[in-house]
Amino acid sequence: MIRGVVKITKEGNHYVLFNKRGMVLELSLEEYAVFKKFASRHNFPKQHKEFFNKLCYYEMTDFAGYTPKKVPVEYSQKLLRHNSHKPVFKSPIVAHLGITSACNMSCQYCSIRKPYRQARELSTGEWKKIIKKLVNLGVFQIGFTGGEPTLRKDLVELANYVTSLNCTFNLTTNCWSIEKGLISNLKKAGMRQCQVSLDSHIPEINDKLRAEGSFERVKKTMHLLKEQGITVGVDCVVSRNNLEFIPGLVDWLGKQGVPFLTLIKIKQGDLSLEKFKSLLPDYDSYARLIEQLCNRENNNPCVTLDCGSVSNLEYSLSPDELKQVPIAGCPVGHTLLSVAPNGDMKPCVALSASEFKIGNALTDNLRDIWNNNPCLQALRQVKARVLGSCGECERLDHCRAGCRGIAYSLYQNLWISDYTCKFGGGKNGSESR
Numbered sequence: 000m001i002r003g004v005v006k007i008t009k010e011g012n013h014y015v016l017f018n019k020r021g022m023v024l025e026l027s028l029e030e031y032a033v034f035k036k037f038a039s040r041h042n043f044p045k046q047h048k049e050f051f052n053k054l055c056y057y058e059m060t061d062f063a064g065y066t067p068k069k070v071p072v073e074y075s076q077k078l079l080r081h082n083s084h085k086p087v088f089k090s091p092i093v094a095h096l097g098i099t100s101a102c103n104m105s106c107q108y109c110s111i112r113k114p115y116r117q118a119r120e121l122s123t124g125e126w127k128k129i130i131k132k133l134v135n136l137g138v139f140q141i142g143f144t145g146g147e148p149t150l151r152k153d154l155v156e157l158a159n160y161v162t163s164l165n166c167t168f169n170l171t172t173n174c175w176s177i178e179k180g181l182i183s184n185l186k187k188a189g190m191r192q193c194q195v196s197l198d199s200h201i202p203e204i205n206d207k208l209r210a211e212g213s214f215e216r217v218k219k220t221m222h223l224l225k226e227q228g229i230t231v232g233v234d235c236v237v238s239r240n241n242l243e244f245i246p247g248l249v250d251w252l253g254k255q256g257v258p259f260l261t262l263i264k265i266k267q268g269d270l271s272l273e274k275f276k277s278l279l280p281d282y283d284s285y286a287r288l289i290e291q292l293c294n295r296e297n298n299n300p301c302v303t304l305d306c307g308s309v310s311n312l313e314y315s316l317s318p319d320e321l322k323q324v325p326i327a328g329c330p331v332g333h334t335l336l337s338v339a340p341n342g343d344m345k346p347c348v349a350l351s352a353s354e355f356k357i358g359n360a361l362t363d364n365l366r367d368i369w370n371n372n373p374c375l376q377a378l379r380q381v382k383a384r385v386l387g388s389c390g391e392c393e394r395l396d397h398c399r400a401g402c403r404g405i406a407y408s409l410y411q412n413l414w415i416s417d418y419t420c421k422f423g424g425g426k427n428g429s430e431s432r
């Protein structure tokens, strides 16, 4: 195997490379031939300088004494152009495994606790069987989630098993049970990245939303992860509770040396419908926040938006600017699968109601489900199925009608337009809306 690369798959007329940090890169047949010929050599191949500088920067290979120069990140436009019941990729890229429903916190917007409170938790052997099936399907990265995954005593064993199958993994944790020894063992198992949950840099606000003392646990864990060379990313659930404080969180994370922040628009979880409606950030306020973050001078941390936040991003973008931004809305049915604590599979954690069960990872044929499940096939055609104003919007390709989980929570209709989107009223909004 070439240095840095974990897996290589052929997809039609190109190859897809996956590295240890979770990055994905597509190469044409001609590019792959050059890559295969030179990537494992000791010295930097000067006759293909720009190409191999990019590969080194993406950590797909390395050469003795060579430090790559920064290059623009390239993104696949496949999903943007796609409008078929068939998946963009022949297998999911990422599978999120909720390996336990147990948690030492009680966040109201948790999407796991309510539907799986009484579910039987799978054994180590059963999870290994699921992991092997997912890897054989072609999954490149396993994301360990929960509940709180660190409450599983076999977490390190499961992580080692993933790595033994030439697959990568990451961890999403609330940090309550993290200690130095566990991080060290997970690093030995192959962990390169860890996502920690933090909703505010202000302890009182974060702890009110999650648990008393959780801010200090997160801060300590970030330090321990950095100490052992693990890349730290922060997951922040955005609601009216913390919206105004997020610029301060971004500044604070920059000072802490945290390189990545993901903003996740709140989902219903255990909240009543009325409470959920009251906590959803209004379109303009969230859009102005995103615009402020886009225009800041310091790009540390790098801020990523979840697919439910794309319509808010569009507030700031002209049609020409939009063409230059790598966004394509919801990837459900194309790049990810979600596996619940009892093995049930869902399109994503935002669609966790029982009616969205697409199978069971322990007992069912995963390839057949990925290719032929009616729910996944329908979700892949959301642009053709969505009802109302979203179907007429000039930017439908980019947001794919917003988060279907939020739409379903609000209207009990999977195909209704995202009426939380006020794009028509944004400063660059479509007149047709």
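The sequence shown maps to residues 0 to 432 in numbering that gives the first Met the number 0. For glycine and all other residues, C-beta sits at the position ideal for the given N, C-alpha and C.
Checklist entry - Roughly how many angstroms lie between the CA atoms of Gly142 and Asn341, to the nearest whole one? => result Position 143 of the sequence shown, counted from the start, is the residue given in the question as residue 142. Position 342 of the sequence shown, counted from the start, is the residue given in the question as residue 341. Approximately 16 Å between the Cα atoms of the pair.
Item to check | Same chain, Cβ closer than 6 Å to Lys426, five either side skipped, listed in chain order | outcome: Within the sequence shown, numbered from 1, the residue matching residue 426 stands at position 427. With a pLDDT of only 40 at Lys426, under the threshold of 50, the placement of this residue in the model should not be trusted; the figure read from the coordinates follows. Same-chain partners within the cutoff: there are none.
Item to check | Leu242 versus Val385 - alpha carbon distance | outcome: Locating residue 242 in the sequence shown gives position 243, where the first residue counts as 1. Locating residue 385 in the sequence shown gives position 386, where the first residue counts as 1. Roughly 29 Å separates the two Cα atoms.
Item to check | Cβ neighbours of Leu321 in the same chain (closer than 8 Å, five flanking residues each side left out) | outcome: Your numbering for residue 321 matches position 322 in the sequence shown. Contacts found: Glu313, Arg394, His397.
Checklist entry - Since Gly332 and Pro71 are thought to touch, with beta carbons under 8 Å apart, how far apart are those beta carbons, to the nearest angstrom? => result The residue given as residue 332 occupies position 333 in the sequence shown. The residue given as residue 71 occupies position 72 in the sequence shown. The Cβ separation is near 28 Å, so there is no contact.
Next on the checklist: If you reduce the DSSP assignment to three classes, tell me which class Lys85 lands in.
Outcome noted: Position 86 of the sequence shown holds residue 85. Reduced to three states, the DSSP call for Lys85 is coil.
Checklist entry - Which whole runs of the alpha helix (DSSP H) in the segment 173 to 248 are 4 residues long or more, in chain order? => result 179 to 188, 202 to 208, 213 to 226
Checklist entry - For Gly137, does the three-state DSSP call read helix, strand or coil? => result Numbered from 1 along the sequence shown, position 138 holds the residue referred to as residue 137. Coil, per DSSP.
Item to check | Cβ neighbours of Leu164 in the same chain (closer than 6 Å, five flanking residues each side left out) | outcome: Position 165 of the sequence shown, counted from the first residue, corresponds to residue 164. Cβ within range, chain order: Val134.
Next on the checklist: Quick check on this structure: which residue in Arg20, Leu28, Asn18 has the alpha carbon closest to the alpha carbon of Glu10?
Outcome noted: Within the sequence shown, residue 10 is the residue found at index 11, counting from 1. The option with the nearest alpha carbon to Glu10 is Leu28.
Item to check | Rounded separation between Leu185 and Thr123 - CA only | outcome: As a first step, residue 185 is located in the sequence shown; it is residue number 186 there, counting from the start. As a first step, residue 123 is located in the sequence shown; it is residue number 124 there, counting from the start. Each residue's alpha carbon lies about 16 Å from the other.
Next on the checklist: Between the segment 208 to 226 and the segment 166 to 186, can you find at least three pairs of beta-carbon atoms closer than 8 Å?
Outcome noted: yes
Next on the checklist: If you reduce the DSSP assignment to three classes, tell me which class His47 lands in.
Outcome noted: Mapped onto the sequence shown, residue 47 falls at position 48. Helix.
Checklist entry - For the segment 292 to 327, which segments carrying the alpha helix (DSSP H) assignment without a break, of at least 4 residues, lie completely within its bounds, in sequence order? => result 309 to 312, 318 to 322
Checklist entry - Should the segment 221 to 231 be regarded as contacting the segment 252 to 263, the criterion being three or more beta carbon pairs within less than 8 Å? => result yes
Next on the checklist: Just verifying my parser: in three-state terms, what is the DSSP assignment at Leu28?
Outcome noted: Sequence index remark: in the sequence shown, residue 28 carries index 29 (1-based). Looking at Leu28 - three-state DSSP - the assignment turns out to be helix.
Next on the checklist: Per DSSP, what are the beta-bridge partners of Asp343 in this structure?
Outcome noted: Stepping through the sequence shown from its first residue, residue 343 is reached at position 344. Answer is Asn359, bridged to Asp343.
Checklist entry - At which residues does the alpha helix (DSSP H) containing Ser163 begin and terminate? => result For the purposes of this step, residue 163 is taken as the residue at position 164 of the sequence shown. 154 to 163 is the extent of the alpha helix (DSSP H) around Ser163.
Checklist entry - Applying the criterion that 16 or more other CB atoms from any shown protein chain within 10 Å of the CB defines a buried residue, is Pro318 buried or exposed? => result As a first step, residue 318 must be located in the sequence shown, where it is residue number 319. So Pro318 counts as exposed.
Checklist entry - Between the segment 206 to 213 and the segment 96 to 108, do three or more beta carbon pairs fall short of 8 Å? => result yes
Checklist entry - At what residues does the beta strand (DSSP E) containing Asn18 begin and finish? => result Against the sequence shown, residue 18 aligns to sequence position 19. First-last of the beta strand (DSSP E) with Asn18: 13 to 18.
Checklist entry - So what's Ser337 in DSSP terms, helix, strand or just coil? => result The residue given as residue 337 occupies position 338 in the sequence shown. Here Ser337 sits in strand by DSSP.
Next on the checklist: For Leu260, report the span of its beta strand (DSSP E) as first-last.
Outcome noted: Position 261 of the sequence shown, counting from 1, holds the residue named residue 260. It spans 259 to 264 - the beta strand (DSSP E) in which Leu260 sits, taken as one unbroken run.
Checklist entry - Taking Cβ positions, are Ala349 and Cys402 nearer each other than 8 Å? => result Position 350 of the sequence shown, counting from 1, holds the residue named residue 349. Position 403 of the sequence shown, counting from 1, holds the residue named residue 402. Yes, the Cβ-Cβ distance between Ala349 and Cys402 is below 8 Å.
Item to check | Where Leu375 sits in the DSSP three-state scheme | outcome: What you label residue 375 is simply residue 376 of the sequence shown in a count that begins at 1. Of the three classes helix, strand and coil, the one that applies to Leu375 here is helix, per DSSP.
Item to check | Helix, strand or coil at Lys6 according to DSSP, with G and I counted as helix | outcome: Residue 6 sits at position 7 when you count from the first residue of the sequence shown. Strand at Lys6.
Next on the checklist: Mapping the DSSP letters down to three states, classify His397 as helix, strand or coil.
Outcome noted: Taking the first residue of the sequence shown as position 1, residue 397 is located at position 398. If DSSP states are grouped into helix, strand and coil, His397 belongs with the helices.
Item to check | Spatial distance of Arg116 from Pro330 (CA atoms) | outcome: Locating residue 116 in the sequence shown gives position 117, counting from the first residue. Locating residue 330 in the sequence shown gives position 331, counting from the first residue. Straight-line Cα distance between these residues: approximately 27 Å.
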